[in-house]
Each structure stands twice: as C-alpha cells, then as structure tokens.
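What follows is a short report on a single structure.
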Amino acid sequence: MKKSAKYISGAFIIVIITTSCKINKNQETVDPDKKTEISQAPQEEKNNTPVILNEPVKINIDTEIYAKVERDALRASQNGDDSLLAFIKRTPCYGRCPIYSASFYKSGYVVYRGERFVEKQGIYTGKITEENLRSVSKMARSVNYMGFEKEYDTSVTDLPTTYTSIYLDGARKEVRNRAGGPNELRTFEVHLDKILDNISWTKKGDIGQ
Numbered sequence: 035m036k037k038s039a040k041y042i043s044g045a046f047i048i049v050i051i052t053t054s055c056k057i058n059k060n061q062e063t064v065d066p067d068k069k070t071e072i073s074q075a076p077q078e079e080k081n082n083t084p085v086i087l088n089e090p091v092k093i094n095i096d097t098e099i100y101a102k103v104e105r106d107a108l109r110a111s112q113n114g115d116d117s118l119l120a121f122i123k124r125t126p127c128y129g130r131c132p133i134y135s136a137s138f139y140k141s142g143y144v145v146y147r148g149e150r151f152v153e154k155q156g157i158y159t160g161k162i163t164e165e166n167l168r169s170v171s172k173m174a175r176s177v178n179y180m181g182f183e184k185e186y187d188t189s190v191t192d193l194p195t196t197y198t199s200i201y202l203d204g205a206r207k208e209v210r211n212r213a214g215g216p217n218e219l220r221t222f223e224v225h226l227d228k229i230l231d232n233i234s235w236t237k238k239g240d241i242g243q
C-alpha cells in the first residue's frame, strides 16, 4: 500500500508539473505588442460636426482622378480659380439606378458626370442662375443640413447611396445616405436634382477621355 501511495503521489506531482509547464508555455506565446496594439487601437468617432475651413475649397484640376476632358471642363470655370459650393453623387444598385455626380461652384458653373442609366452620359458643363445658386445655400439652411448625421446606412448592400456635401458659412459638411435618412435630407437631394434638370448643358466629352 505504501508503495502504491508513493507511485500515485509521484504521478500526481508529474501531472501538476506538466500542466504548469503547458500553461506557462501558452502564456509566453502571447505577443505583448499585440495586446498593446489591440488596447490602443483608435476608435472611429462618428459625429455630425462640420469641418471648419480656413479657406474656400479650390478645384484641384491637376489631380489624377480627372481625365483630360474633365480637367478642361474645370479649367473653364474662371480659369480653375473657382470654389466648390455643393456636390451630389448617386451610386449603383442591384438594378438600373441612375449613376451620376454633379459639382456646383460658387460662380454658378456646374460640372456633370453621367455614367449609366441617365439621359446624358459623359462630361457636361453648364451655368445656373443667381437665383438657383442662392437657393442651394438657402435650402441647406432651411433643412439644417449642418445638423445631419454623417451617415445613414443599413445592412442591405444592394441599395443605391447618395452622397451630398455643402460648403456653408466657412464650414464643410458631407453626408452619406443609403437608407434611413430624414425627409429633410431627401428634400435637399431632390432640390439639387431639380436644378440639374433645368440647366442648358454642353457636352465636353466622354468619361475617361
């Protein structure tokens, strides 16, 4: 019995030592830098605070995202020394949603980019009246555009997204609206579209030229 007890006791001690070694080994394999990286990972801040601008946003006509025909269209706007007032862009969906974007400048100059499922495909330019130009800022104030959230979204991925932005009283605000945006935001989007519908356009070329 005494020998059996010794064997059992010895085996128990070996098990404890083996288990302890495994635990220590697992602990050593954890990279402390990874722990720090996870704990210090910055959290994205979502708010509706507009960005304050020190200077008007200028047209960057030399950026690579513009094809030649688009750069030429931008240069026509007061020799490229104009500043952006508002912007709207509608993205694709699972279907035949219109895909286009338009930039409204403070001079009244407008650059339109029609991609698919729109009447005008290509790069177009036009001018809006002083009344329509003022109405953009007036509508933005009326719907309290600066008070909107930065994003209205849903888990459904095949819906079109509408991006809008406004430069107002020295501040810039952009809103991404895929679903759930307030009616006031929709009102602002439709207002920009109505202005586009009443512009006398001149085609400058096709996209990508």
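With the first letter of the sequence shown counted as 1, position 21 gets the number 55 in our numbering; the numbers rise by one all the way through.
C-beta atoms are modelled at their ideal positions from N, C-alpha and C, and glycine is treated no differently.
Everything numeric in this text was worked out from a predicted model, so none of it was measured.
- Counting only runs of at least 3 residues, the segment 151-234 fully encloses the following beta strand (DSSP E) elements, listed from N- to C-terminal order: 156-161, 196-202 and 205-211.
- The segment 235-243 makes no contact with the segment 205-213; the number of CB pairs closer than 8 angstroms stays below 3.
- Note: T125 is not bridge-paired with any residue in the DSSP secondary-structure output.
- In terms of Cα proximity to C127, the closest of V177, T195 and G156 is T195.
- If you draw a straight line from the Cα of Q155 to the Cα of R206, it comes to about 29 angstroms.
- DSSP places G239 in the strand class (E or B) of the three-state scheme.
- Among the bridge pairs identified by DSSP, L118 is matched with Y139.
- Straight-line spacing of the CA atoms in Y201 and G129 works out to 32 angstroms.
- The alpha-carbon separation between R175 and T191 amounts to approximately 31 angstroms.
- In this model, A120 and H225 are separated by some 12 angstroms (Cα to Cα).
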